[in-house]
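**Student:**
Chains as they are written, first to last, in the numbering used here: chain D, 8 to 373; chain X, 1000 to 1150.
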């Protein structure tokens, strides 16, 4: 009896100390966010590079590694960083995702901020056991004695026009389904930089999926210097009153096009567009408040519809907004097939499919 | 495990090494490792510019050792091949490849049903439903997808 109480106090004290540190970090971060006023025009991948640069500069105990990272990475996300921070902090790993993940987890558990790059999200599966059974459960199985916070797995995800089965996947659902992990997907350059910095510094392992289709084509003003966008908070991209449309990543551009088409062809329709940003834990409050206002919800993602994150969002919104709903919730997603090759254009949730869903819900009549 | 290291760009040496290794493996019932030393002269893929991580001199140095070039030089020295035969063969093969390309380009893209076939041996209920949804969608908006249709 006395022994158990002793253990409890020890852990409690450790938790308090850790929480204390976290709170002061949060306070500092908020200040830095408002101080970063000046902006610079950048591509999304350029913003990722900028975030990595800031992370490595501000945290002397941080490392960036992965396949081909040393020469700048196959998407140029790590360009210039090895030259700037040295080979002991920015380096190549063997061609072994399981090894990259295991190494990253061990490094993070020992206090080194680890930014591990998986070259394509499609290649993350050899690392799945390490991520799910080690990274996600380290804090839990040790009762908080150990953790692998400050650990990010970055991976380019999603359709790219010619990626086929193994360069187009959106694996977010597998990771959202794993307690202990956070999953973040940016949709624009400024968002990418702020969210990546927040993810790197989060006290929990984060899967950061980067929309490779818009690596170069997405250009925007990005705050110079250090700033963060908080995890777990969605962004209302465009307010509206008729229907709530939820998406993330590259799909946001498709949704914007669908909204433009819908508001032109369906008079009186005003769509509220939400960028979820963090998929796990997802911002239930923002989505629920929106659906209570509009009474209609559409969720759209490239990943296959069955068991996708759209299903989770639909179920939760149904649960919380049942009496507010004026139409069934629609999901406009990829089909339940592997991502195809030549037939990609008919597979993906195109703006026309989203438009059809908008039309369906606004015209819904029992 | 015993091993044989061989110049991977010398087709006769590789053949010799494989024969020897096979003989040992079968006769003595044990594994043999063949280490064939070679080099990737081309870029990793069409998205790669390998001069970003290796020098031109390195690439050019190794191109010299191409197994195909070396075999050709050997055959020419033996009087089994000539410049004239080389030119004629290249022209004939080029013609054959270009004709194949023409035939291929005339073929239509796979039909939309190929999206849903062979996921399983039999299409499952969700797939049947999704296929129907896609067909209905294409009936409404087919013109927008013209570039990738159809049977």
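Every residue, glycine too, gets a C-beta built ideally from N, C-alpha and C.
Just the chain X side, please: which residues come within less than 8 angstroms of residue 264 of chain D by C-beta, in chain order?
**Tutor:** Stepping through the first chain from its first residue, residue 264 of chain D is reached at position 257. Chain X residues near residue 264 of chain D: none, gap ~12 angstroms exceeds 8 angstroms.
**Student:** For residue 293 of chain D, is the classification buried or exposed, using 16 other Cβ atoms within 10 angstroms of its Cβ as the cut-off for buried?
**Tutor:** The residue you call residue 293 of chain D lines up with position 286 of the first chain. The residue in question, residue 293 of chain D, is buried, as its Cβ has 16 or more Cβ neighbours within 10 Å.
**Student:** What residue does the alpha helix (DSSP H) around residue 1086 of chain X start on, and which one ends it?
**Tutor:** Walking along the second chain from the start, residue 1086 of chain X turns up at place 87. Here the alpha helix (DSSP H) through residue 1086 of chain X covers 1082-1105.
**Student:** Alpha carbon to alpha carbon, how far is residue 363 of chain D from residue 335 of chain D? Give it in angstroms, no decimals.
**Tutor:** As a working mapping, residue 335 of chain D is identified with position 328 in the first chain. As a working mapping, residue 363 of chain D is identified with position 356 in the first chain. When rounded, the distance between both Cα atoms is 14 angstroms.
**Student:** Using the rule of at least 16 other Cβ atoms within 10 Å of the residue's Cβ for burial, across every protein chain shown, is residue 1025 of chain X buried or exposed?
**Tutor:** Mapped onto the second chain, residue 1025 of chain X falls at position 26. Classification for residue 1025 of chain X: exposed.
**Student:** Let me see if you follow: with CB-CB separation under 8 angstroms, is residue 5 of chain D close to chain X or not?
**Tutor:** It is not possible to answer for residue 5 of chain D, since the shown part of chain D is limited to 8 through 373.
**Student:** Nearest to residue 1085 of chain X by alpha carbon, out of X:1061, X:1063 and X:1070?
**Tutor:** Indexing the second chain from 1 puts residue 1085 of chain X at position 86. Taking only the C-alpha atoms, the option nearest residue 1085 of chain X is X:1070.
**Student:** Should residue 293 of chain D be flagged as near chain X, meaning a C-beta pair shorter than 8 angstroms?
**Tutor:** As a working mapping, residue 293 of chain D is identified with position 286 in the first chain. Taking Cβ atoms only, chain X never reaches closer than 8 angstroms to residue 293 of chain D, which makes this a no.
**Student:** Hey, residue 365 of chain D and residue 265 of chain D are a contact pair by Cβ (cut 8 angstroms); roughly how many whole angstroms apart?
**Tutor:** In the first chain, residue 365 of chain D corresponds to position 358, counting from 1. In the first chain, residue 265 of chain D corresponds to position 258, counting from 1. Contact holds; Cβ gap of about 7 angstroms.
**Student:** How big is the Cα-Cα spacing for residue 308 of chain D and residue 284 of chain D?
**Tutor:** Translated into positions along the first chain, residue 308 of chain D becomes position 301. Translated into positions along the first chain, residue 284 of chain D becomes position 277. Spanning the two alpha carbons is a distance of roughly 13 angstroms.
**Student:** So, at 7 angstroms on beta carbons, what are the nonlocal neighbours of residue 73 of chain D in its own chain, with the 5 sequence-adjacent residues on each side left out?
**Tutor:** To locate residue 73 of chain D, count along the first chain from 1; it is residue 66. Same-chain partners within the cutoff: 100, 107, 123, 124, 125 and 126.
**Student:** Do you know whose CA, among D:135, D:60 and D:162, lies nearest residue 216 of chain D's CA?
**Tutor:** Walking along the first chain from the start, residue 216 of chain D turns up at place 209. Of D:135, D:60 and D:162, the residue nearest in Cα terms is D:162.
**Student:** Within the 8 angstroms Cβ cut-off, does residue 1134 of chain X reach chain D?
**Tutor:** Sequence index remark: in the second chain, residue 1134 of chain X carries index 135 (1-based). It does not: the Cβ of residue 1134 of chain X has no partner Cβ on chain D nearer than 8 angstroms.
**Student:** If you scan the stretch 157-210 of chain D from start to end, which runs of the alpha helix (DSSP H) of 4 or more residues do you find wholly inside it?
**Tutor:** Correct list: 179-183 and 196-208.
**Student:** Give the DSSP-derived three-state secondary structure of residue 297 of chain D in the structure shown.
**Tutor:** Numbered from 1 along the first chain, position 290 holds the residue referred to as residue 297 of chain D. Three-state DSSP puts residue 297 of chain D in a helix.
**Student:** Restricting to Cα atoms, I'd like to know which of D:170, D:97 and D:70 is closest to residue 1046 of chain X.
**Tutor:** The sequence position of residue 1046 of chain X within the second chain is 47, counting from 1. It is D:170.
**Student:** Kindly indicate the opening and closing residues of the beta strand (DSSP E) around residue 48 of chain D.
**Tutor:** The residue labelled residue 48 of chain D in the question sits at position 41 within the first chain. Per DSSP, residue 48 of chain D belongs to the beta strand (DSSP E) from 46-50.
**Student:** Does residue 1109 of chain X come within less than 8 angstroms of chain D when only Cβ atoms are used?
**Tutor:** What you label residue 1109 of chain X is simply residue 110 of the second chain in a count that begins at 1. Yes, because at least one Cβ of chain D sits closer than 8 angstroms to the Cβ of residue 1109 of chain X.
**Student:** Report back the beta-carbon spacing between residue 59 of chain D and residue 71 of chain D to the nearest angstrom; my notes put them in contact at under 8 angstroms.
**Tutor:** Within the first chain, the letter at position 52 stands for residue 59 of chain D. Within the first chain, the letter at position 64 stands for residue 71 of chain D. Residue 59 of chain D to residue 71 of chain D, Cβ: 6 angstroms. Contact.
**Student:** Which residues in the same chain as residue 142 of chain D place their Cβ atom closer than 6 angstroms to its Cβ, once the five residues preceding and following it in sequence are excluded?
**Tutor:** Taking the first chain and counting its residues from 1, one reaches residue 142 of chain D at position 135. Excluding sequence neighbours, residue 142 of chain D sits near 112, 155 and 212.
**Student:** Using a Cβ-Cβ cut-off of 8 angstroms (strictly less than) and excluding sequence neighbours within five positions of residue 167 of chain D, which residues of its own chain qualify?
**Tutor:** Position 160 of the first chain, counted from the first residue, corresponds to residue 167 of chain D. If we look at residue 167 of chain D and ignore the five residues flanking it on each side, its Cβ neighbours are 174, 175, 219 and 220.
**Student:** Classify residue 1038 of chain X: buried if its beta carbon has 16 or more other beta carbons within 10 angstroms, exposed otherwise.
**Tutor:** Within the second chain, numbered from 1, the residue matching residue 1038 of chain X stands at position 39. Exposed, because fewer than 16 other Cβ atoms sit within 10 Å of the Cβ of residue 1038 of chain X.
**Student:** Assign residue 1002 of chain X to one of two classes, buried (16 or more other C-beta atoms within 10 Å of its C-beta) or exposed (fewer than that).
**Tutor:** By 1-based counting over the second chain, the position of residue 1002 of chain X is 3. The residue in question, residue 1002 of chain X, is exposed, as its Cβ has fewer than 16 Cβ neighbours within 10 Å.
**Student:** Give a yes or no on whether the minimum CB-CB distance between residue 1114 of chain X and chain D is below 8 angstroms.
**Tutor:** Stepping through the second chain from its first residue, residue 1114 of chain X is reached at position 115. Interface residue, yes.
**Student:** If you measure from the beta carbon of residue 1056 of chain X to each beta carbon in chain D, is any gap under 8 angstroms?
**Tutor:** Sequence index remark: in the second chain, residue 1056 of chain X carries index 57 (1-based). So no, residue 1056 of chain X is outside the interface.
**Student:** Where DSSP assigns a beta bridge to residue 227 of chain D, which residues make up the other side?
**Tutor:** Reading the first chain from its first residue, position 220 is the one you call residue 227 of chain D. Answer by DSSP bridge pairing, in chain order: D:49.
**Student:** Just grab the DSSP bridge partners of residue 68 of chain D for me.
**Tutor:** On the first chain, position 61 is the one that residue 68 of chain D refers to. DSSP, once it has assigned bridges, lists no residue as partnering residue 68 of chain D.
**Student:** Hey, is residue 1051 of chain X's beta-carbon within less than 8 angstroms of any beta-carbon in chain D?
**Tutor:** Numbered from its first residue, the second chain carries residue 1051 of chain X at position 52. Chain D contact via Cβ: present.
**Student:** When you compare only the Cα positions, how much space is there between residue 1008 of chain X and residue 1040 of chain X?
**Tutor:** Sequence index remark: in the second chain, residue 1008 of chain X carries index 9 (1-based). Sequence index remark: in the second chain, residue 1040 of chain X carries index 41 (1-based). Using only the alpha carbons, I get a separation of about 12 angstroms.
**Student:** Rounded to the nearest angstrom, what separates residue 259 of chain D and residue 244 of chain D at their Cα positions?
**Tutor:** The count along the first chain starts at 1 and reaches residue 259 of chain D at position 252. The count along the first chain starts at 1 and reaches residue 244 of chain D at position 237. So the two alpha carbons sit approximately 9 angstroms from each other.
**Student:** For chain X, find out if any of its Cβ atoms is closer than 8 angstroms to the Cβ of residue 360 of chain D; answer yes or no.
**Tutor:** Taking the first chain and counting its residues from 1, the one referred to as residue 360 of chain D is at position 353. Closer than 8 angstroms: yes.
**Student:** Run the CB neighbour count on residue 1050 of chain X, radius 10 Å, all protein chains shown included, and call it buried at 16 or more, exposed below.
**Tutor:** Working through the second chain from its first residue, we reach residue 1050 of chain X at position 51. By the 10 Å Cβ count, residue 1050 of chain X comes out exposed.
**Student:** Are the beta-carbon atoms belonging to residue 359 of chain D and residue 1140 of chain X less than 8 angstroms from one another?
**Tutor:** By one-based count along the first chain, residue 359 of chain D stands at place 352. By one-based count along the second chain, residue 1140 of chain X stands at place 141. Cβ distance < 8 angstroms, so residue 359 of chain D and residue 1140 of chain X count as in contact.
**Student:** When we look at the beta-carbon of residue 1076 of chain X and count the other beta-carbons within 10 Å, is it buried (16 or more) or exposed?
**Tutor:** Walking along the second chain from the start, residue 1076 of chain X turns up at place 77. Label assigned to residue 1076 of chain X: exposed.
**Student:** Is there contact here, the stretch 340-348 of chain D with the stretch 309-329 of chain D, by at least three beta-carbon pairs under 8 angstroms?
**Tutor:** Taking 8 angstroms as the limit for Cβ pairs, the verdict is that the stretch 309-329 of chain D does touch the stretch 340-348 of chain D.
**Student:** From this set, D:350, D:225 and D:194, which residue's C-alpha is nearest residue 236 of chain D's C-alpha?
**Tutor:** Mapped onto the first chain, residue 236 of chain D falls at position 229. It is D:194 whose Cα lies nearest to the Cα of residue 236 of chain D.
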